[in-house]
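Data first, discussion second: the structure below is written as structure tokens.
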């Protein structure tokens with residue numbers, strides 16, 4: 001039994017999501033854990049964007065291992081750190097995420113016995129500070145970025161301890177026998193990377209997913225030893241420059257936050273951006289690009305185009321960045337050496353067919369892990385009658401971790417296509433601003449649950465043409481015509497919201513869950529539409545957010561449209577006749593997006609769904625934002641009046657055509673189809689909670705038993721229900737949500753307290 005389990009773990013096809021779940025399950029069994037780790041090089045070489053998307057779960061596993069009583073998991077921790085270092089050496093974007101994760105997590109020691117020194121040790125293992133002078137880039141990662149708030153005498157002792165730990169680890173590594181995995185783990189140069197990748201490819205190990213491989217030519221920046229490169233050269237220096245760039249953006253928002261009165265903050269922004277623009281290095285990259293996205297180099301930050309959204313506690317800052325593409329050679333006129341240095345951040349993305357779909361065959365591996373360790377992490381619902389997609393050919397793709405594209409066939413259970421899309425990290429650099437004697441953002445401080453009371457909603461995420469007076473395309477055209485960089489080939493404009501004094505990590509996790517649901521919908525039920533936006537937490541209280549262009553909140557729409565009625569707005573904008581083709585198309589987009597977000601709201605228990613957190617796009621689609629309350633936490637705590645499964649007002653149903661209309665029936669059918677689809681992938685969805693929820697610092701897991709949270713999630717995913725039972729469940733949810741008393745009361749409260757219109 002054990003030998004067969006090992007064989008399947010080594011050679012069986014499975015998704016990365018499943019592999020990470022097994023790593024968590026086997027963390028008390030050193031041999032099984034080490035064998036499961038041996039799969040990580042294959043995912044890194046063949047679907048690196050998936051690795052990037054689930055990188056938080058791998059880093060969190062380091063803390064979970066260290067939380068176990070010593071020395072139960074010491075060997076497992078040692079091996080996992082080696083794989084993390086090897087991946088970071090090959091993938092600068094992932095190395096960037098690792099630094100940000102450490103910066104954000106060093107203050108989590110108060111949660112479930114998490115030890116911050118473990119993450120510092122990991123970072124010291126990846127970026128050793130053994131013999132570096134204090135003037136070097138590698139020393140600055142510790143002194144200026146990680147330990148910016150640390151007294152000098154403590155810094156020296158910490159660095160000395162990290163050097164000692166690193167020396168012991170290297171000694172242990174030297175004792176390992178030679179093997180394919182050892183060669184992959186120890187590779188440090190471009191030829192070694194390429195040889196190891198070829199060796200893995202020739203081994204015949206088959207995975208469930210393929211998406212993007214590493215373009216190793218891009219790593220040929222400097223072939224010298226990684227640990228002793230001088231300042232300004234090498235991949236590590238490039239990573240640090242991206243960290244510093246984002247630090248400089250955060251520093252502006254933090255300095256503005258301390259200016260009083262708040263009405264004066266906007267006066268300082270132009271000067272801050274001018275200073276940043278003048279010191280902008282050519283290595284700065286747009287910080288919210290996904291792994292499979294085209295990479296953009298920041299060439300200018302227009303000083304007069306920013307905006308500060310002020311509250312008493314925060315100063316979220318909207319910053320526009322002018323960019324040119326790196327891959328396509330758009331950065332003409334810039335130094336060729338600088339363009340070469342950016343190449344390590346480029347991934348080669350090419351979708352390929354997968355030859356495997358997951359089935360109950362992997363339950364034996366999980367059962368072995370659980371039975372041998374005595375853990376109870378696995379749910380009894382390890383498979384179901386709908387758990388496996390029905391193949392239409394011998395080529396089947398798995399929607400996992402990153403996403404999948406829409407399918408073309410009509411049968412619900414017979415839609416299959418190749419996966420694509422992914423979530424991503426960010427990049428950055430730092431500067432000194434012009435506002436004197438104001439503090440820099442502190443990465444270690446923690447935000448309490450009550451700190452969310454002053455959060456902004458719509459203005460944090462949305463570029464609204466009604467508010468700014470020009471559409472996004474009009475602003476892009478105007479800025480390009482005024483910019484000295486506007487003639488560069490491939491010029492493009494992006495906007496970023498920079499926030500400090502706010503812990504965005506739980507929202508990053510929520511967006512990861514929504515992205516997972518979105519990928520499943522695209523793969524199985526493409527009419528169900530969700531819009532994800534990128535959030536990057538670069539510290540415990542620092543983050544960047546992507547803005548959504550040309551959409552407005554329902555609150556703003558109701559305040560500005562005569563009468564404030566949603567159905568009247570649709571008739572006015574998309575044609576007064578309900579038989580008009582434009583109106584029908586917009587109505588359909590509204591229904592299908594509303595159905596998708598209704599499912600998300602119910603499955604993830606999204607709360608705080610007032611009309612400031614619900615947008616309407618120019619095409620008529622619903623978009624939800626601001627996910628600070630999920631999985632049982634809500635404004636008002638146990639006294640929350642938001643008791644409806646999802647928000648479904650009378651006006652929303654009127655847009656559909658009213659109760660009993662064709663549009664209403666389509667909404668109901670979309671809900672039914674969505675739950676049938678999610679039921680099939682309940683194990684993959686639950687795996688994200690099973691892994692992230694252990695020893696988690698996120699508020700949504702505080703005071704709740706993880707097993708109960710997951711069991712409740714499976715219930716909401718309709719696990720074990722037939723199609724007829726799902727339809728009955730949907731009818732019950734609609735009845736409970738339609739024009740619900742709790743929804744009306746919460747909207748009324750938001751109107752009285754925050755002037756957010758219902």
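Numbering (UniProt numbering), first residue to last: 1 to 758.
Every residue, glycine too, gets a C-beta built ideally from N, C-alpha and C.
Here the structure is a predicted model, which means the values were calculated and not measured.
Pick from the options that is closest to residue i, judged by C-alpha positions
| i | options | result |
| --- | --- | --- |
| residue 491 | 35, 301, 247, 736 | 301 |
| residue 62 | 204, 168, 123 | 123 |
| residue 720 | 755, 734, 676 | 676 |
| residue 322 | 476, 536, 263 | 476 |
| residue 80 | 162, 169, 161 | 169 |
| residue 513 | 603, 471, 578, 546 | 603 |
| residue 54 | 634, 723, 509 | 509 |
| residue 757 | 660, 611, 637 | 611 |
| residue 616 | 18, 589, 117 | 589 |
| residue 241 | 520, 283, 100 | 283 |
| residue 23 | 7, 40, 93, 85 | 40 |
| residue 127 | 105, 98, 154, 106 | 98 |
| residue 277 | 748, 196, 669, 249 | 249 |
| residue 29 | 267, 562, 16, 65 | 65 |
| residue 511 | 606, 573, 703 | 606 |
| residue 679 | 91, 705, 726 | 726 |
| residue 266 | 307, 287, 260 | 307 |
| residue 645 | 583, 735, 198 | 735 |
| residue 732 | 294, 164, 747, 716 | 716 |
| residue 483 | 746, 540, 320, 578 | 320 |
| residue 528 | 673, 119, 174 | 673 |
| residue 158 | 200, 93, 121 | 121 |
Per DSSP, the bridge partner or partners of residue i
| i | result |
| --- | --- |
| residue 296 | 325 |
| residue 495 | 320 |
| residue 641 | Looking at the DSSP assignment, residue 641 forms no beta bridge with any residue, so it has no partner. |
| residue 308 | 317 |
| residue 500 | 542 |
| residue 648 | 738 |
| residue 537 | 543 |
| residue 614 | 624 |
| residue 285 | 297 |
Unbroken alpha helix (DSSP H) run spanning residue i, endpoints
| i | result |
| --- | --- |
| residue 471 | Segment: none, residue 471 is in no alpha helix (DSSP H) and carries neither H nor E. |
| residue 487 | Run containing residue 487: none; DSSP gives neither H nor E here. |
| residue 197 | 190-201 |
| residue 95 | 92-105 |
| residue 780 | Any answer about residue 780 is impossible in this case: the structure gives the chain only from 1 up to 758. |
| residue 563 | That residue, residue 563, is in no alpha helix (DSSP H); it is neither H nor E in DSSP. |
| residue 41 | 40-46 |
| residue 667 | 662-680 |
| residue 19 | 16-25 |
| residue 30 | 30-37 |
| residue 619 | That residue, residue 619, is in no alpha helix (DSSP H); it is neither H nor E in DSSP. |
| residue 57 | 55-67 |
| residue 515 | 505-524 |
| residue 592 | 581-604 |
| residue 267 | 265-278 |
| residue 711 | 706-716 |
Range of the contiguous beta strand (DSSP E) that encloses residue i
| i | result |
| --- | --- |
| residue 551 | 551-553 |
CB-CB length for residue i against residue j, believed under 8 angstroms
| i | j | result |
| --- | --- | --- |
| residue 614 | residue 553 | 7 angstroms |
| residue 316 | residue 253 | 7 angstroms |
| residue 651 | residue 609 | Contact flag wrong, Cβ pair sits at about 14 angstroms. |
| residue 639 | residue 656 | Their Cβ separation, rounded to whole angstroms, is 32 angstroms, which puts residue 639 and residue 656 out of contact at 8 angstroms. |
| residue 197 | residue 45 | 5 angstroms |
Chain B within 8 angstroms of residue i, Cβ atoms only
| i | result |
| --- | --- |
| residue 659 | In summary, chain B is missing from the structure at hand, where a single protein chain is found. |
contact_flag[the stretch 693-710, the stretch 620-627] where n(CB pairs < 8 angstroms) is 3 or more: no
Inter-stretch contact (C-beta, 8 angstroms, three-pair minimum) for the stretch 554-569 and the stretch 596-604: no
Touch test, the stretch 484-499 against the stretch 533-546, Cβ-Cβ under 8 angstroms, three pairs minimum: yes
Cβ contact (3+ pairs, closer than 8 angstroms) linking the stretch 40-58 and the stretch 683-692: yes
Contact between the stretch 67-82 and the stretch 27-44 (3+ Cβ pairs under 8 angstroms): yes
Contact between the stretch 672-687 and the stretch 16-30 (3+ Cβ pairs under 8 angstroms): yes
Inter-stretch contact (C-beta, 8 angstroms, three-pair minimum) for the stretch 571-582 and the stretch 631-648: no
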